[in-house]
Every structure is written in C-alpha cells, then in structure tokens.
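Student: The structure under discussion is supplied below as structure tokens; questions concerning it will follow.
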Amino acid sequence: MIRLLVFSIIILLVTLKLNAQESTLSKNVSTFVIEAPELQTQKKIWLYLPEDYQTSDKKYPVIYMHDAQNLFDKKTSFAGEWEVDETLDSLKAQVIVVGIEHGNDKRLEELTPFTNEKYGGGKGDAYLEFIVNTLKPHIDKTYRTKTKAKNTAIFGSSLGGLISFYAVLKYPKVFGKAGVFSPSFWFSDKIYSYMEKSDKVNAKIYFLCGDKESDDMVPDLKKMETLLDRNRCYCLNLNKTVIIEDGQHNEKLWREGFKNAYLWLF
799 MIRLLVFSII ILLVTLKLNA QESTLSKNVS TFVIEAPELQ TQKKIWLYLP
849 EDYQTSDKKY PVIYMHDAQN LFDKKTSFAG EWEVDETLDS LKAQVIVVGI
899 EHGNDKRLEE LTPFTNEKYG GGKGDAYLEF IVNTLKPHID KTYRTKTKAK
949 NTAIFGSSLG GLISFYAVLK YPKVFGKAGV FSPSFWFSDK IYSYMEKSDK
999 VNAKIYFLCG DKESDDMVPD LKKMETLLDR NRCYCLNLNK TVIIEDGQHN
1049 EKLWREGFKN AYLWLF
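Below, the structure written as structure tokens:
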C-alpha cells in the first residue's frame, strides 16, 4: 500500500512538472488535424512555415518529419526536443516542415516496413501511403510548395530513420532527399535485400549516428552504405555519413546533427 502511494505521488509529480514546463514553440509553428484513412485514424500535424512565408509569394521545398511531438516543443517531447524551429529560424531557412505525430502505442507499427519476430510491426507501407496519398496532396494544395521529388525530403531518427530510408527507395518520384539518423536497420534484414533489389537510387541521403548507440549501429550503417555505393557510384556524392564520437541514441545527438544535415541536403 505504501509503495503504491509512493509510486502514485512520483507519477503525479512528474505529470505536474511536465504540465508546468513552458512551451518552446516558435511563432512560425502551427498545428492541424487531418483524417488518415490509410491508418483508420486521425493525425495531428505540426507545420513550420518560413519567417517570410506570409509576406512573399515564393514557393518552398518541404521536409516531412516523423515524431512531431519531439521536434519543436520541449513541453510535448519525451526526452528533449530537436529544436527544429529554432534552428531553422536562426538560418532564416527557406523551407516548410511538416511534422507528423507518432501514433503512441502504434508508433512501432507505423514506422516499420517489415515485421520483426519479437516485436511485430510492419505497417509502414500504410503510414507512407498516408503521407504520399493524403497528407502531401493536402499540403501541396494548401501551401505554396515546390512539389517535385528534388524539393521533397523525408527525415527521422531510429525507427523514423528506418522508414525514411525505405521511403526514398519505394517512392523515388516523391522523395528525393532523406535525413536518416540512427536508423533501426536491425529491426529486419529485409531492408538490406530491399535495398539490393532496388532500381538506381537517385536521392540525396544524409546518414548520422553515434558510436556509442549500440554494438550494431555503426556496422549496420556501413553495411547499408556499401550496398548504396554498389547501387550508384559514390563519386556522385549523393550520400554523406557522419559518425559522432561518443554519440548516444537520444535527442541531443539528433538535435545537434540537424543543422548540418539540413544545410547539406538543401
């Protein structure tokens, strides 16, 4: 009984602390909800518009990013935010970012294109169909966007890195760039065979990981890089790999790597 009471008090204090945190959201970020028939649910979308969007008639490239709860606002993040809005504001970046909230307990299913014997998953195709067939058409219709693949990136970390890499292979006419941070290639070996069977990959891809994430992270990334270099000549300089010394699997690594990834991709 006492343990239960102590546990309840701890949960309450953590909740109060989270609720008390001030929002770090930039004024250039807004949200909306859209139907996601491919997933039989609704999705909350976080939208970053450039500082000069309202005062110009320009069209902008677009980045689609996963795990929106962790991208812009410390108040909604699980373990720290990426500070995507602050970074882009400081650069006066000419880009639109579309952040897609993960599905909480459905996150693993949505961000994995193949199943894992232990963890399940494997509904990544439906998630990407939502982005390609529902979300992107809505964004392109509602906002001034550059719609071609060379101006459209997909970006994420961990399982988000996995699904982002898969996306440029499956939808080369939609996504011409990808930010692939700490990709969970361990989830299924099928991602390697899918890469090997893919047609020539023309997308620009920025890989990033830390050497203290797991025993397999760096070897898995190098394995995929080798397969990619067999698919297309490395001399084209279409992929870049950054391995951070002492880097761990967390938002700090991804936050600190986002700026350089954006600048290289765009």
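Taking the working numbering, the leading residue of the sequence shown gets 799, the next gets one more, and so forth. Cβ coordinates follow ideal geometry from the N, Cα and C atoms, glycine included. Values in this document were obtained by computation on a predicted structure and should not be read as measured data.
1) Just checking my contact of Phe1056 with Thr885 at CB under 8 Å: how many whole Å lie between their CB atoms?
2) Along the chain, where does the alpha helix (DSSP H) that runs through Thr910 open and close?
3) Is the beta carbon of Ser845 sitting closer than 9 Å to the one on Phe928?
4) Should Thr853 be labelled buried (16 or more other beta-carbon atoms within 10 Å of its own) or exposed?
5) For Pro935 and Asp923, which I take to be in contact (beta-carbon distance under 8 Å), what is that distance rounded to the nearest angstrom?
6) Excluding the 5 residues preceding and the 5 following Ala1059 in the sequence, name in chain order all residues of the same chain whose CB lies nearer than 7 Å to its CB.
7) Evaluate Trp1052 with the Cβ neighbour count: other Cβ atoms within 10 Å of its Cβ, from every protein chain shown; 16 or more gives buried, anything less gives exposed.
8) Could you compute how far the alpha carbon of Thr913 sits from the alpha carbon of Glu907?
9) List the residues that DSSP assigns as beta-bridge partners of Lys1066.
10) Could you have a look at Asn1058 and say whether DSSP puts it in helix, strand or coil?
11) Leaving out the 5 sequence neighbours to the left and right, which residues in its chain are closer than 7 Å to Asp887 when beta-carbon positions are compared?
12) Straight-line CA distance for Val804 to Lys873?
13) Three-state secondary structure (DSSP) at Val896?
14) Give me, in chain order, the residues of the same chain whose beta-carbon lies closer than 6 Å to that of Leu816; leave out the 5 immediate sequence neighbours on both sides.
15) Along the chain, where does the beta strand (DSSP E) containing Thr950 start, and where does it finish?
Tutor: So, from the listed chains and residues:
1) Between Phe1056 and Thr885, the beta carbon gap of about 6 Å places them in contact (Cβ cut-off 8 Å).
2) Counting along the chain, Thr910 sits inside no alpha helix (DSSP H), nor does DSSP assign it H or E at all.
3) According to the sequence shown, residue 845 is Leu rather than Ser. Pairing Leu845 with Phe928 gives a Cβ-Cβ distance that is not under 9 Å.
4) The residue in question, Thr853, is exposed, as its Cβ has fewer than 16 Cβ neighbours within 10 Å.
5) With a Cβ gap of about 18 Å, Pro935 and Asp923 do not count as contacting.
6) So the list reads Gly977, Tyr1004 and Leu1006, once near-sequence residues are dropped.
7) Under a 10 Å Cβ-count criterion, Trp1052 is classified as buried, with 16 or more other Cβ atoms of the shown protein chains found around its own Cβ.
8) About 8 Å.
9) A query on residue 1066 cannot be resolved here, the shown segment of the chain reaching from 799 to 1064 and no further.
10) Asn1058 falls in the helix class under three-state DSSP.
11) Taken in chain order, the residues that qualify are Ser824, Asn826 and Glu849.
12) With a pLDDT of 38 at Val804, under the threshold of 50, the modelled position of that residue is not reliable, and the figure given next carries that caveat. Taking the straight line joining both Cα atoms gives about 25 Å.
13) Strand at Val896.
14) Residue confidence is low: Leu816 scores 46 on pLDDT, short of 50, so the model does not pin down where it sits. No coordinate-derived value is stated.
15) Thr950 to Ser955 is the extent of the beta strand (DSSP E) around Thr950.
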